[in-house]
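Asker: Going from the sequence shown to the numbering used here is simple: count from 1 and add 10.
Note that beta-carbon positions come from the ideal geometry of N, C-alpha and C, so glycine has one too.
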Amino acid sequence: LHILINNAAVMANPETRVGPNWESQFATNHLGHFALVAGLEPALKAANGARVVSVSSTGHKLSPIVFDDIHFQNRPYQKWPAYGQAKTANSLFAVELDRRGQAHGVRAFAVHPGGIMTELQRHLPKEEMIAFGWIDDSGKIHERFKTVEQGAATETWAATSPQLNGKGGLYCEDCDIAQLTQPGTSRTSGVDPHAVDADAAKRLWQVSVEATSRDMFQA
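1. Please give the ranges of any alpha helix (DSSP H) in the stretch 97 to 144, keeping only runs that are unbroken, at least 4 residues long and fully inside the region.
2. Please report the straight-line C-alpha distance between D78 and S148, rounded to a whole angstrom.
3. Taking C-alpha atoms, which residue in A221, D225, A210 and R224 lies nearest to V76?
4. Which first and last residues belong to the alpha helix (DSSP H) in which A163 is found?
5. Measure how close the beta-carbons of V20 and V65 come, nearest whole angstrom, since I'm counting them as under 8 Å.
6. Rounding to the nearest angstrom, what Cα-Cα distance links P24 and K89 in this structure?
7. Which residues does DSSP list as the beta-bridge partners of S64?
8. Compare the C-alpha of K212 against each of L107, L134 and A60 and name the closest.
9. Mind checking which residues open and close the beta strand (DSSP E) that includes L54?
10. In terms of DSSP beta bridges, what is Y181 paired with?
11. Taking 7 Å as the limit between beta carbons, can you name the residues of its chain near V105, skipping five residues before and five after?
12. Taking the alpha helix (DSSP H) that V217 falls in, what are its first and last residues?
13. I'd like the list of long-range same chain contacts for V219, defined as Cβ closer than 6 Å, with 5 residues on each side in sequence excluded.
14. Could you name the residues that DSSP lists as bridge partners for W32?
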């Protein structure tokens, strides 16, 4: 298996519990992909040169991983912080997967595809999207949004571009490597430090191993 793109996602849905009381955004957006990649480890190694691309988002800027309460068991559920930490998890997964996988010819990347209107917004009322400036009162989508094809471009680039040969563990956007941004500055571009922090990535990996009872690319 030469290319794997982890693209399954839910966003800002009402509080939902899955599996052993997992918060559904973290479970769907991260844990499911973690288990999938673990199951495909032999095929990725056999490729002798594979890339795993995880679809993150500028939503990562909404929250780091709250390791003391990932599943909102001791704090009120909030849909946007829950989405934020799930998107942070997508990026951190790429960081640690790349560190572990590169000795086996497996490189990993996270991407922000851009703002795109798809079924991902199905849980958002029209009034909320108007308030965000995503659509106007008539439902017209703001011009800053990408088409689905444009949104797929960065995923495809990260999966195939020779410009990334020998690289990995990176967060990409607009068919380029994203710049590091400081929290509270740009909310629409770049990657905040908490989403590419190596120590947080290692900690998330262990949490994921314990949750899924799966590990991969061990030394």
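Answerer: In terms of the structure at hand:
1. Counting whole runs of 4 or more residues, the stretch 97 to 144 contains the alpha helix (DSSP H) stretches 136 to 142.
2. Here residue 78 is taken as the residue at index 68 of the sequence shown, counted from 1. Here residue 148 is taken as the residue at index 138 of the sequence shown, counted from 1. Answer to the nearest angstrom: the Cα atoms are 43 Å apart.
3. Reading the sequence shown from its first residue, position 66 is the one you call residue 76. Comparing Cα positions, the closest option is A210.
4. By 1-based counting over the sequence shown, the position of residue 163 is 153. Under the DSSP assignment, A163 falls in the alpha helix (DSSP H) whose first and last residues are V158 to T170.
5. For the purposes of this step, residue 20 is taken as the residue at position 10 of the sequence shown. For the purposes of this step, residue 65 is taken as the residue at position 55 of the sequence shown. A Cβ-Cβ distance of about 12 Å is found for the pair V20 and V65, leaving them out of contact under the 8 Å criterion.
6. Within the sequence shown, the letter at position 14 stands for residue 24. Within the sequence shown, the letter at position 79 stands for residue 89. One Cα belongs to P24, the other to K89, and the distance between them is close to 7 Å.
7. Counting from one through the sequence shown, the residue named residue 64 turns up at place 54. According to DSSP, S64 bridges with N16 and A120.
8. Looking up residue 212 in the sequence shown gives position 202. K212 has its Cα closest to that of L107, out of L107, L134 and A60.
9. Working through the sequence shown from its first residue, we reach residue 54 at position 44. Element bounds for L54: not the beta strand (DSSP E) but the alpha helix (DSSP H), E51 to A56.
10. Residue numbering aside, residue 181 sits at position 171 when the sequence shown is read from its first letter. For Y181, which the question treats as bridged, DSSP gives the partners A120.
11. As a working mapping, residue 105 is identified with position 95 in the sequence shown. Contacts found: G179, V206, A208 and A211.
12. For the purposes of this step, residue 217 is taken as the residue at position 207 of the sequence shown. Where V217 is concerned, the enclosing alpha helix (DSSP H) stretches over A208 to T222.
13. The residue labelled residue 219 in the question sits at position 209 within the sequence shown. Cβ neighbours of V219 within its own chain (closer than 6 Å, five residues either side excluded): D225.
14. Against the sequence shown, residue 32 aligns to sequence position 22. DSSP output for W32 lists V28 as bridge partner(s).
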